[in-house]
Structure formats: structure tokens, C-alpha cells
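Data block below; observations after.
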Amino acid sequence: MVQERGVEGPNAPQPHVEARGISKRFGGVQALIDINLTVEQGSIHGLVGENGAGKSTLGKIISGALRQDEGEFVVDGRPAHYTSPRDALAGGITMIQQEIALVPKLSVLENVFLGIESNRAGVVQNRDTRRRFEELITRSDFDLPADVPVSSLSVADQKKVEILKAVARNARLIVMDEPTAALPDDETAKLIEIVRGLREAGTTIVYVSHFLEEVLSVADTVTVLRNGELIRTSPAQDETPESLVTAMLGRSVSLAFPPKSFPAPDAPVVLSVKNVSRRGGIEDIAFDIRAGEIVGLAGLVGSGRSEVARTIFGADRRDTGVIEIDGQPVKIDSPGEAVGAGIALLPESRKDQGLLMKLVVGHNVSLPHLNTVSQGIVIQGRRELRETTELLEHLDVRPPQASIRVDSLSGGNQQKVLFAKWLFRRPRLLIADEPTHGVDVGAKRAIYNLITRLAEEGMGVLLISSELEEVLGLAHRVLVMRRGRIVAEFEDRPGDRSALSEDAVMRAAFATD
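Under our numbering, think of the first position of the sequence shown as 954, with each following residue one higher.
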């Protein structure tokens, strides 16, 4: 149970929601086991744990998206029997899901106020709805246009729309599941201020996140889940990232990045990008990546980082410029041609761009490489299964079974499957766009080790991440982008790390020099 903060009497914190003996099973998997938890009114309550620990399941039960199999859920001292998110919203509870849940063809304004538009006698009052939107934008300090379809926005901006959608409903309790997963540092800071402001206004927040320092900076109380069980609940001020990791995993794990192994000065150039431009996206992009080198792309959301990745991979057509692999110009006008040239891309959204969630793991892994496991038009099933299973075991996918559906796996294991898809036949260049998006600290460390090991084995890596710490911790060189152009370059040298710093990169990204 949540520990009281030392206040007694009528002003003592009161329970907003209570979980009493909550259990939930999905088929043969016990997702939650006898959870007893109290969340105080007007507090920020952090939930942490590995992927699959039960955090999102508990959040969905609180917000009415799921029903518990056993136990009682109490809101404001009364048993709650929500059968849908709409029921929960009527009770003052809503949830921001980890995966984007917007109507792509509708505008930002229409998504934010969907179902709660201003109306009079059943007629929507567009002017009043627009006034409410402008007030919401001013209060949140989010720079979002009202009338563009959300499908045209970046993942980060779509997440902002989700947040505005929840805030617009004036819920008394908001479950936020990984709200900053796609946000850069400056936007994350703004969101945290919004969360704190909601708490000051009396709103209760259940804050689910893999970013442990972020949770400790914003939460009053933190609960750790492991394998569906509640390990402990304690004041945030009594915890550290290291103590939370130990509780989450049942063992201590270093939070440091793997040591860097620098490529030889004469290492051959794997990728050479020469004066590549795409109208309306990127301009005059030029850089090289050597074998064994990790090059990071840094910059604010909208700076053109992902556009560079998509253009190199042929997902977006370039207007000018040349791309070379191993010193030879290559024709890349489609992803298929990029794969044939030895380039692989891990996209920023595994759900929308990387994996077919309802297909089994094995088919996802072998799909881009069917010509290598086929004889004529017949797929060699035994060979496909053997090679896929060996790769899953090598990458520590749990469980390492090619026959189960991808959407049955945790986020961290789905991300490992995405790596397996592109390592089934080793590329010369790996482009990793947000490679640790939505994964827990244990899976993050495994992915960091994997990227480092691939570079040590001679692969070139282009790393894109909204977590600047991740870019600095892994990359040998960092290219900073702003408004579609590379504006600065910083190199990490053995024995001299002064040139590559967070301050220098941020100054270049914000143009403060």
C-alpha cells in the first residue's frame, strides 16, 4: 500500500483509486497477481517495471479499457464497475495510451474534441470549439496547428495531440502510459510542467514510464511491478534509478552505456552520402560512415533526421545527390533496392512501419529475405524456421518461438524481433531510428550492447534518437541537424571527450551560438 506522507487528520491525503486483490489473466499468461494499491487524490503516482510487468494492464483496468478477473476496483470510496473507457470517463478517469490512438484523416482540433464538441440543440458550434482549442494551446504551450490532419504530423506531435485530448476532457484522474516516449528533451520538459500543473489543480496522475529519472523527478510515489506482482510502493524521494532497476529486474544492472570501441582510422567507408536533397524535407546532406563506426543524428523534432533515414533507404525519393555503398554509387529509388544494396532501416514506429503485428514472429523476420529461403517459388519452411529460431535465441527474444504472433510479445521483445528482421541477412549499413522507443531499461541495455557489437563486427550504423544521452553514449561522431540541413559535427576521440558534449550539441540544435 502507498505510504502516507506524515499528514494526519482531515487534511490527510485521501485515496482516489484503490486496487484490492486485482488479478488479470490473458490465456495462459498471468498479467497481474493479487495487486493491492492505493493512489492518493491530487498526487502523481509512478508505475515502473519491465515490459510485460503489468504496468499497462493495470492502467487499462483503472481507465476501463480492461476488466479484472478477480478483485475489486474502488474509486472515491465506492466500488467501480467500468465496462468501457466511456464509463471510466463518466467517472472522471481517462488514459493516454502508449500507442497512438487518433483518427488519421481528422484534423488536430477534431481529434482533440472528438465527442465533446461545443454544441447547441445538437448543432456543433465550430467557433466555440475553436476558442476552446486556442485556450488549450495557450495553456499547454504546445505549438500545434488546428486544421492539419494528424496523419501529417510526426510521432512526437501526435503524442502531443493525445495529451491535449486527455486534458480537454477535464478528467480528475489521467493514466499516462509512456507520455514522453517520442518527445525530445525540450518537449519532455514542457510536458512534465503540464503534469505538475495538473497536479497543482487537483488532478491525479498515474504516470507509467520507462524513463526512471523522469519518473523520480515528477512523481510523489512510485510503485514497482515485476512479472505481474507488486514488489513495493514507496515515496519517490526514497528511490534512485539504481534502486528501481534492482527492484524491477530482481538484480542489479549497470545503467552506463557499453564502452566504445573506436574504428581504425583507415577503416573503409561503408556509406557515402553526397549532396542529397529532397524538396521540402532535406537539403544538401553529405557525410560518410566507416565500417565499425556509429554516427548519431541529433536535432529537434522536425529537423529532418528521419527524413534523411527514409531518403537513404529509398522510402522517400531524393531529388538530387548520390549514395555510395563501399565506394560504389547505388541506385536506390525504393526500399527493395536499398535492401539489395545492403542497407537496413529500423523505423521509429515498429507498429506502423516495422512489423506486421498479427503475423507470427518467423514470418516477420524472414519476409524481406524470402528469396534466400526459397527454392523457386517454394519457401523452404524448415530452413526458415531453423535460421529464424537461431537468430531469436541469439538476440534473446523471449520466448524465442517463431510460431507466436508478434502482438503477443512485450514491447522490448517486439523491438528485438525488428532487429532480427534486418539481421537475418547482415546488412553493410544499419539505420536505427529510435531503436529503444517504448522499451524497458533491461531491453534498452540489451539493444545498446547489440548496436555496439554490430559496429565492432564491422557494420556501419546511423543512429537517430530523441534521447540525446543515448546518442552521446553510443555514437563516435554526432551530426546535428536543423531545418533540414546538417549544421554541426562533433567527434568523440579516445582520451579526449571534451568536443562531444550535451551542451555543444544542444547549442547547435537550437542555434544559440
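Think of the CB as a built atom: it goes at the ideal place given N, C-alpha and C, for glycine as much as any other residue.
By the Cβ criterion, the region 1057-1066 is not in contact with the region 1032-1043, since fewer than three pairs of Cβ atoms, one from each stretch, lie closer than 8 Å. Collapsing the DSSP output to three states places residue 998 in a strand. Within the region 1006-1074, the runs of beta strand (DSSP E) that reach at least 3 residues and sit entirely inside it are, in chain order, 1023-1028 and 1046-1049.
One Cα belongs to residue 1410, the other to residue 1403, and the distance between them is close to 11 Å. Going by beta carbons, residue 1262 and residue 1158 fall outside the 7 Å limit. Within the model, the alpha-carbon separation for residue 1219 versus residue 1210 is close to 26 Å.
In this structure, residue 1083 and residue 1099 form a Cβ contact; the two beta carbons are roughly 7 Å apart against a cut-off of 8 Å.
Residue pairing by DSSP places residue 1101 opposite no residue, since no beta bridge is assigned to it.
Contact check for residue 1318 and residue 1374: beta-carbon distance about 5 Å, within the 8 Å limit, so the pair qualifies. Looking at the DSSP output, residue 1277 shares a beta bridge with 1225 and 1282.
Taking a cut-off of 8 Å on C-beta distances, the region 1139-1146 does not touch the region 980-995, as fewer than three cross pairs fall below it. Secondary-structure assignment with DSSP links residue 977 through a beta bridge to 985. As the crow flies, the alpha-carbon of residue 1394 is around 38 Å from that of residue 1228. In the three-state reduction of the DSSP assignment, residue 1288 falls in the helix class. DSSP, reduced to helix, strand and coil, places residue 1165 within a helical segment of the structure shown. Taking C-alpha positions only, residue 1249 is separated from residue 1441 by approximately 12 Å. Around the beta-carbon of residue 1193, fewer than 16 other beta-carbon atoms lie within 10 Å, marking it exposed. Only buried fits residue 1132, as 16 or more other CB atoms lie within 10 angstroms of its CB. When secondary structure is reduced to three states using DSSP, residue 1188 falls in the strand class. With a cutoff of 7 Å on beta-carbon distance, residue 1222 and residue 1241 are scored as near each other.
In this structure, residue 1314 lies away from residue 1251, with their beta-carbon atoms at least 7 Å apart. Beta-bridge pairing by DSSP links residue 1082 to no other residue.
Counting only the Cα atoms, residue 1090 lies some 38 Å from residue 1183.
With distances taken between CA atoms, residue 1366 lies nearest to 1392 out of 1392, 1226 and 1047. Bounds of the beta strand (DSSP E) holding residue 1130 are 1126-1130. Comparing alpha-carbon positions, the option among 1427, 1447 and 1420 lying closest to residue 1139 turns out to be 1420. Rounded to whole angstroms, residue 1435 and residue 999 show a C-alpha spacing of 34 Å.
In the DSSP annotation of this structure, residue 1420 is not part of any beta strand (DSSP E), being labelled neither H nor E. Taking 7 Å as the cut-off, the beta carbon of residue 1201 is found closer than this to the beta carbon of residue 1002. Secondary structure at residue 1458: helix, using DSSP grouped into helix, strand and coil. Per DSSP, reduced to three states, the secondary structure at residue 1243 is strand.
Of the other Cβ atoms in all chains shown, fewer than 16 fall within 10 Å of the Cβ of residue 980; this residue is therefore exposed. For residue 1372, the uninterrupted alpha helix (DSSP H) run begins and ends at 1364-1376, by DSSP.
Under DSSP, residue 1434 forms a beta bridge with 1439.
In the structure shown, residue 1316 falls within a helical segment according to DSSP collapsed to helix, strand and coil. For the pair residue 1197 and residue 1165, the CB atoms are nearer than the 7 Å cut-off.
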